[in-house]
Amino acid sequence: MPITANDTNRKSWLEVPSNSDFPIQNIPFGVFLTKENIVTVGTRIGDYAIDLGALQQLNYFEGIELTDDMFMQDTLNDFISDGKKTWRLVRNRIADIFDVNNPKLQNNPKDRDIVIFDIKDVEMQLPVLIGDYTDFYSSKEHATNVGKMFRDPENALLPNWLHIPVGYHGRSSSIVPSGIPVHRPMGQTLPNGETTPVFGSSRSVDFELETAFITTDVNIMGENIPVTETEDYIFGMVLLNDWSARDIQKWEYVPLGPFLAKNFASSISPWIVTMDALEPFRTKGPKQEPTPLPYLQQKGKHSFDINLEVAIQPENAEATVVSRSNFKYLYWSMCQQLAHHTSNGCRVNSGDMMGSGTISGPTPDSFGSMLELTWGGKNPLKMSDGTERKFINDNDTVIMKGFCQNGQVRIGFGEVSSKLLPPFVRQ
Ligand code: CA
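Counted the way this note's numbering counts, the sequence shown spans residues 6 to 432.
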């Protein structure tokens, strides 16, 4: 089925600001709360939020087989569960409804009033009920940098890294959408030069620049999915700030890996950009040497050219961009991650989220965490107000953006923006 929604000649009758992340060719999916306190599944064009529940009730999806309440829900899980064919039909239809050449909704002020909201008047929610969250560690540059700092500069990359898309199971309970502030965590650390640990607030809270993909129902328990088929099970992507407490991490991570240093908060952008929308930005990932084992081998273009950016905004000051990276630097593809995840028969469900791991580029200004950007705090970064940062200060806001752009179209994610609050104190 052709992806007619991606037609770059298409124009919407809704105004789209130039350089918007959300032209009519994007059509991402999300969940929002309206002023009337109604939660609905929606999409976005320009600076308008569009109520898909209302569109369905008004019969604009006639001819597409959908359950009656498909969009009148507070999560996208059912829609995602319906599979790729439905996603494509619905996206194509939305493009058609908002096409400048289609008068139906355009010339119906009563329906328009029910369906279309100013983006400022809605409150974005988590788009899916995330059952399970897995975080990979798939940037070779990041793994090498961290290995150099935390372990052995001579053998920075562990022997398994070039053979396995390394990952761990995170906590879905602490995933929050953009805009929700996060408290500096308390935890156990071993201060430098000491032999006994202390308990207190983390002194090195960091961001991790990541993307994440959201899956549909992938398999039944015991069944594996061949790498060549994995793309059918990936619905779309979001930006992910995987908040990390480096001092807690350093003390706790041996031998089982990340635990409380990572599970206090993970922030995501609220609009899921579909893999269909990202199709024009396919590109090859890095050359894999040594050749992966057969179950991880794939041919063709399985990465995406997605520009990524991180800025830090101190309270009452302008934001300063501290990193510019790109999704295409990632060594292991999402397909390889998913094939590996199911290779032992592990079940993956609709709405599960898989983090990429910190996406660091090859140059120091493209590193995806403060740990790397300041090299463990040795080289502080200067902010617009003249202050310096080794890690994130209380009341700083971390803003991540992501977009794809070619000569014809820009497809973006908007942003994931979250403020770091002082430690939570029980009253
Ligand atoms: Ca991470």
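Quick reminder that beta carbons are idealized off the backbone N, C-alpha and C, glycines included. All of these numbers come straight from a predicted model, not from anything done at the bench.
By the 10 Å Cβ neighbour count, where 16 or more other Cβ atoms means buried, how is residue 420 classified, buried or exposed? For the purposes of this step, residue 420 is taken as residue 415 along the sequence shown, with counting starting at 1. That one is buried.
Would the C-beta of residue 382 count as close to ligand 1, meaning under 7 Å from any of its heavy atoms? Your numbering for residue 382 matches position 377 in the sequence shown. Flag unset: Cβ of residue 382 not near ligand 1.
What are the residues that DSSP puts in a beta bridge with residue 309? Here residue 309 is taken as the residue at index 304 of the sequence shown, counted from 1. Bridge partners of residue 309: 287.
Who's in the neighbourhood of ligand 1, going by beta-carbon under 6 Å from any heavy atom, listed in chain order? 140, 213, 215, 247, 360, 362, 363
Please name the residue, chosen from 263, 369, 294, 405, that lies closest to residue 380 on a Cα-to-Cα basis. Here residue 380 corresponds to residue number 375 of the sequence shown, with the count starting at 1. Comparing Cα positions, the closest option is 369.
Helix, strand or coil: how does DSSP classify residue 82 here? Against the sequence shown, residue 82 aligns to sequence position 77. Of the three classes helix, strand and coil, the one that applies to residue 82 here is helix, per DSSP.
Where does residue 262 fall in DSSP's three states? Residue numbering aside, residue 262 sits at position 257 when the sequence shown is read from its first letter. Here residue 262 sits in coil by DSSP.
Please identify the residue among 275, 236, 288, 178 whose C-alpha is closest to the C-alpha of residue 409. As a first step, residue 409 must be located in the sequence shown, where it is residue number 404. Selected option, being the one with the closest Cα: 288.
List the whole-angstrom C-beta distance separating residue 242 from residue 270, where the pair is believed to meet the contact cut-off of C-beta under 8 Å. Translated into positions along the sequence shown, residue 242 becomes position 237. Translated into positions along the sequence shown, residue 270 becomes position 265. That pair is no contact at about 20 Å.
Give the straight-line distance between the Cα atoms of residue 237 and residue 310, rounded to the nearest whole angstrom. In the sequence shown, residue 237 corresponds to position 232, counting from 1. In the sequence shown, residue 310 corresponds to position 305, counting from 1. So the alpha carbons of these two residues sit roughly 20 Å apart.
Kindly identify the DSSP beta-bridge partner or partners of residue 128. Along the sequence shown, one-based indexing puts residue 128 at 123. The partner list for residue 128 (beta bridge, DSSP) reads 38.
Does the beta-carbon distance from residue 302 to residue 232 come in below 8 Å? Here residue 302 is taken as the residue at index 297 of the sequence shown, counted from 1. Here residue 232 is taken as the residue at index 227 of the sequence shown, counted from 1. Yes, they are a contact pair.
How would you call residue 346, buried or exposed, if buried means at least 16 neighbouring beta carbons within 10 angstroms? Reading the sequence shown from its first residue, position 341 is the one you call residue 346. Classification of residue 346: buried, given that the 10 Å Cβ count is 16 or more.
If I follow the unbroken beta strand (DSSP E) through residue 5, where does it start and stop? Since the first residue shown for the chain is 6 and the last is 432, residue 5 is missing from the structure and cannot be characterised.
Tell me whether residue 278 is buried or exposed, calling it buried when 16 or more other Cβ atoms sit within 10 Å of its Cβ. As a first step, residue 278 must be located in the sequence shown, where it is residue number 273. Residue 278 is buried by the Cβ-count criterion.
How many angstroms separate the CA atom of residue 27 from the CA atom of residue 200? On the sequence shown, position 22 is the one that residue 27 refers to. On the sequence shown, position 195 is the one that residue 200 refers to. Using only the alpha carbons, I get a separation of about 53 Å.
Quick one: any contact between the region 130–148 and the region 166–180, if contact means 3 or more CB pairs under 8 Å? yes
C-alpha gap between residue 212 and residue 190, whole angstroms: Sequence index remark: in the sequence shown, residue 212 carries index 207 (1-based). Sequence index remark: in the sequence shown, residue 190 carries index 185 (1-based). Between residue 212 and residue 190, the C-alpha separation is close to 13 Å.
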